[in-house]
Amino acid sequence: MPAKRGKKEKWAGKDKCPPQTEEDMAAWQEENELLYNKKNNAYKDFRKKDAMWESKAAS
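Residue numbers (full-length UniProt numbering): 1 to 59.
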């Protein structure tokens, strides 16, 4: 018989970023339409999206 799993830990906002950072991230995502707009031809270009995320993470 497999071991029972424990209860899932509820997320209590432990890793939540400051409101200004969230606003900056939301604005950046809105500027970069290819991250969310499936009608954009570049939406499926995962290499380009990965490069954009890496660049954002480095800044």
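Glycine included, C-beta positions come from ideal geometry on N, C-alpha and C.
What are the boundary residues of the alpha helix (DSSP H) that includes residue i?
i: Lys-48; result: 46 to 58
i: Pro-19; result: 19 to 31
Do you know offhand how far residue i's Cα is from residue j's?
i: Trp-28; j: Asp-50; result: 15 Å
i: Met-25; j: Ser-59; result: 12 Å
i: Trp-53; j: Lys-44; result: 14 Å
i: Glu-23; j: Leu-35; result: 16 Å
i: Pro-19; j: Phe-46; result: 28 Å
Contact defined as beta carbons within less than 8 Å: I believe residue i pairs with residue j. What is the distance between those atoms, to the nearest angstrom?
i: Asn-40; j: Glu-33; result: 6 Å
i: Ala-42; j: Lys-48; result: 6 Å
Mapping DSSP to helix, strand and coil, what is residue i?
i: Asn-40; result: coil
So does residue i have its beta carbon nearer than 6 Å to some heavy atom of the ligand FAD?
i: Ser-55; result: Absent from the structure shown: the ligand FAD. Ligands present: none.
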